[in-house]
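One structure is given here, and the rest of the page talks about it.
Residue numbers (the working numbering), protein chains in the order written: chain R, 1368 to 1774; chain B, 1368 to 1774.
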């Protein structure tokens, strides 16, 4: 699969984080000639937080992570494999997962519930624990601190490029770093089961504060992107904080203001990279909705536009067919004032007073749609609610990739 | 556009209904070389009922029909044009519509509020009333009673075949007929703004009873189909009853039992024809969900499967990728018991106990998917709620049709 035309030019330079060590190896479980297993280990006492899929059919690894997070214990490791989601695999899948967790805890001499897991790939095939376990020792032996790109590569499935990001901030007078990587080609390319994100910081932040920062940042980043409206059984974002001294336990402490901003910027960067690698994507689309009844209503309208196959195909066809945006606003089920609705495409107003603008310049609009970065703004004329979501267009390549993915 | 491979072999033979007269003509407003304007007239006293889009940006004709229906007056005519939806056209669109209604009422010597209208086509372009009005006299002059196929053809847009149906039933000892035609290529191909249905019967049924029968039949037919999850600004189904003597006013009167069954069968037939003409469709897919918390939950799960681009592309690719069905159940947001979930494809069980069946015969499943009629059954293991919805697959042709529809 060739690299997405929307991909960033290169993987960023990411510095080591004290005590965060990564090892990768090739199990050949599904992918040949590439690493597909990642182990990350943390120093004793690392804080952890997580957000997960809302699917009612969540995978064994998601259920495991949710369970151990509740204990509020530190994390020592996270094990990730690509190619098999170990989702909808019943008791056999759970047993396989537990066996890999035991292999990691044996090797690192830690408790079972200090080990986190994430699996991504086909749904419905039981993970082969033997193959994973045969590679745990090798992977542990290769643990090192600067191989971020290798780590980001090992977790990919249908992705066409590795996704990493890094930011530096200060907490009080202390400089801290936040690094992260993610995979997903589509928020949501569900049977690739699918979106994973891992964020690491050397800041000293307690688990509850980290959880609340992660949850808030997820709302405006990974939960504001969509490729095809499908939600994976395995979506997982885990955040780890390794600076264990002088822990900050209150997410609202003003000393964290810049940290939270930078943390969010990093999550947003990673989530946009996922959209830029959306299956078949040729355009990156930002959709701003304002004037809605409230922020939730605005997000629902924005997602209705972002998920509309007809809006997405029109943009793929560089066709300024704004009637489809009207349709998507209308079907969202949220309050909208037809006669006050204003639509802008690429900064140009196209509708007003419940109809198309008379002197609207379709040529200018088409020129904008010929670009790779598309901007749609919609004012629905009710109140002050606003939201922004990001998506990509719907192309022939999406059909090609998904009409025969398993074979 | 070539005829859908899922189309019925021919248009049914439909008999005249006393006093129901149809005329068609060619305005050349958008389509060349074909009729695109339909006028149907009724004898004095005909009952009328309607159901409409839930869009918050409904078209001028939808708003007009809703308004006049509230008056509970008889209907004398319905005027339909294809190629322009007159949706999101503000005051200018309303004025244009009112002018065409006036032209019909003048020609037929009836009140304005005895005239119904429906427009289907591009959103956002004001209807040219002059062109329509120039053809009203010609169309009225051609009114006759057996040209059902011509009428069904005149309202088409991207449809590849005209959609008609007829049934005969008895009310008491009296034989009555129900005829109908519809258009839509996709429930929902929104900027073709889009699904229209017209049902005619010579039964004597009061407006409230007709409304309640129509509403109930719509739930299980036109409201249980989806092509691309997009909802038009113009969806309209109107029913007219012309037998004006001895009116039955109670929809629950047992004398109507067979009538209601046949009425529903006709609506179901027409709605299935719309799916069979879904843009780019190569497979007709029935999705049965049972074991849900209630019928509404079952329908939500069924629609989640039916609207999933990944399920639809897998079926297009004849790929028995049942993990995507699990995903779609999981994302529906309704209660589902992962470990009790049972999926059947083409009558063959593929999952049980929260995992794939060990002796499941993928070859047999693939054979089923190579056919044109696909059956998916899902039991979600919660309670007794059930629903069936119908959809089609998502193919390259859908992208081709919609990526550059207007040009």
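Heads up, the beta-carbon is just placed ideally off N, CA and C, and yes, glycines get one too.
Local conformation of residue i per DSSP, three classes
{"i": "residue 1396 of chain B", "result": "coil"}
{"i": "residue 1508 of chain R", "result": "helix"}
{"i": "residue 1756 of chain R", "result": "strand"}
{"i": "residue 1522 of chain B", "result": "coil"}
{"i": "residue 1701 of chain R", "result": "coil"}
{"i": "residue 1387 of chain B", "result": "coil"}
{"i": "residue 1472 of chain R", "result": "helix"}
{"i": "residue 1459 of chain R", "result": "helix"}
{"i": "residue 1375 of chain B", "result": "coil"}
{"i": "residue 1577 of chain B", "result": "helix"}
{"i": "residue 1591 of chain B", "result": "helix"}
{"i": "residue 1496 of chain B", "result": "helix"}
{"i": "residue 1615 of chain R", "result": "strand"}
{"i": "residue 1707 of chain R", "result": "coil"}
Partner residues on chain R for residue i, Cβ-Cβ distance less than 8 Å
{"i": "residue 1598 of chain B", "result": "1694, 1697, 1698"}
Partner residues on chain B for residue i, Cβ-Cβ distance less than 8 Å
{"i": "residue 1714 of chain R", "result": "The premise fails here: residue 1714 of chain R is roughly 19 Å from chain B at the closest Cβ pair, so nothing lies under 8 Å."}
{"i": "residue 1422 of chain R", "result": "1694, 1697, 1698"}
C-beta neighbour in chain R for residue i, strict 8 Å
{"i": "residue 1759 of chain B", "result": "no"}
{"i": "residue 1611 of chain B", "result": "no"}
{"i": "residue 1683 of chain B", "result": "yes"}
{"i": "residue 1756 of chain B", "result": "no"}
Within chain R, partners of residue i - CB distance below 9 Å
{"i": "residue 1720 of chain B", "result": "1457, 1458"}
{"i": "residue 1763 of chain B", "result": "1763, 1766, 1767, 1770"}
{"i": "residue 1489 of chain B", "result": "1688, 1690"}
Which listed residue (the options) has its alpha carbon closest to that of residue i
{"i": "residue 1445 of chain B", "options": "B:1456, B:1458, B:1464, B:1459", "result": "B:1464"}
{"i": "residue 1438 of chain R", "options": "R:1452, R:1456, R:1416", "result": "R:1416"}
{"i": "residue 1735 of chain R", "options": "R:1606, R:1715, R:1435", "result": "R:1715"}
{"i": "residue 1579 of chain B", "options": "B:1653, B:1615, B:1651", "result": "B:1615"}
{"i": "residue 1581 of chain R", "options": "R:1569, R:1593, R:1565", "result": "R:1565"}
{"i": "residue 1645 of chain R", "options": "R:1764, R:1391, R:1479", "result": "R:1764"}
{"i": "residue 1425 of chain R", "options": "B:1719, B:1711, B:1768, B:1693", "result": "B:1693"}
{"i": "residue 1568 of chain R", "options": "R:1447, R:1666, R:1545, R:1471", "result": "R:1545"}
{"i": "residue 1396 of chain R", "options": "R:1373, R:1423, R:1453", "result": "R:1453"}
{"i": "residue 1528 of chain B", "options": "B:1748, B:1760, B:1371", "result": "B:1371"}
{"i": "residue 1754 of chain B", "options": "B:1671, B:1375, B:1767, B:1394", "result": "B:1671"}
{"i": "residue 1506 of chain B", "options": "B:1657, B:1618, B:1447", "result": "B:1447"}
{"i": "residue 1478 of chain R", "options": "R:1459, R:1515, R:1517, R:1440", "result": "R:1440"}
{"i": "residue 1571 of chain R", "options": "R:1583, R:1586, R:1617", "result": "R:1617"}
{"i": "residue 1406 of chain B", "options": "B:1472, B:1540, B:1423", "result": "B:1472"}
Interface flag, residue i vs chain B, CB-CB below 8 Å
{"i": "residue 1485 of chain R", "result": "no"}
{"i": "residue 1690 of chain R", "result": "yes"}
{"i": "residue 1706 of chain R", "result": "yes"}
{"i": "residue 1703 of chain R", "result": "yes"}
{"i": "residue 1558 of chain R", "result": "With a pLDDT of only 42 at residue 1558 of chain R, under 50, the local geometry of the prediction cannot be trusted, and no value is derived from it."}
Chain-ordered chain R contacts of residue i [CB-CB under 7 Å]
{"i": "residue 1595 of chain B", "result": "1676, 1677"}
{"i": "residue 1723 of chain B", "result": "1491"}
Contacts that residue i makes with chain B (C-beta to C-beta distance below 7 Å)
{"i": "residue 1680 of chain R", "result": "1766, 1769, 1770"}
Cutoff 8 Å: residue i Cβ touching any chain D Cβ
{"i": "residue 1542 of chain B", "result": "Chain labels in this structure do not include chain D; the protein chains are R and B."}
- Item | Cβ contact check for the region 1707-1726 of chain R and the region 1620-1640 of chain R: 3 or more pairs under 8 Å | no
- Say whether the region 1496-1506 of chain B touches the region 1467-1481 of chain B, bearing in mind that this needs 3 or more beta-carbon pairs closer than 8 Å, one atom from each stretch. yes
- Message: Check whether the region 1475-1489 of chain R and the region 1596-1608 of chain R are in contact - that is, three or more C-beta pairs closer than 8 Å.
- Response: yes
- Should the region 1504-1517 of chain R be regarded as contacting the region 1388-1401 of chain R, the criterion being three or more beta carbon pairs within less than 8 Å? yes
- Item | Cβ contact (3+ pairs, closer than 8 Å) linking the region 1658-1666 of chain B and the region 1676-1689 of chain B | no
- Query: When the Cβ atoms of the region 1646-1660 of chain B are set against those of the region 1736-1745 of chain R, are three or more pairs found closer than 8 Å?
  - Reply: no
- Message: Taking contact to mean 3 or more Cβ pairs, one atom from each stretch, closer than 8 Å, check whether the region 1401-1415 of chain R and the region 1604-1612 of chain R are in contact.
- Response: yes
- Task: Could you tell me whether the region 1620-1628 of chain R touches the region 1533-1543 of chain R, using the rule of 3 or more Cβ pairs below 8 Å?
- Result: yes
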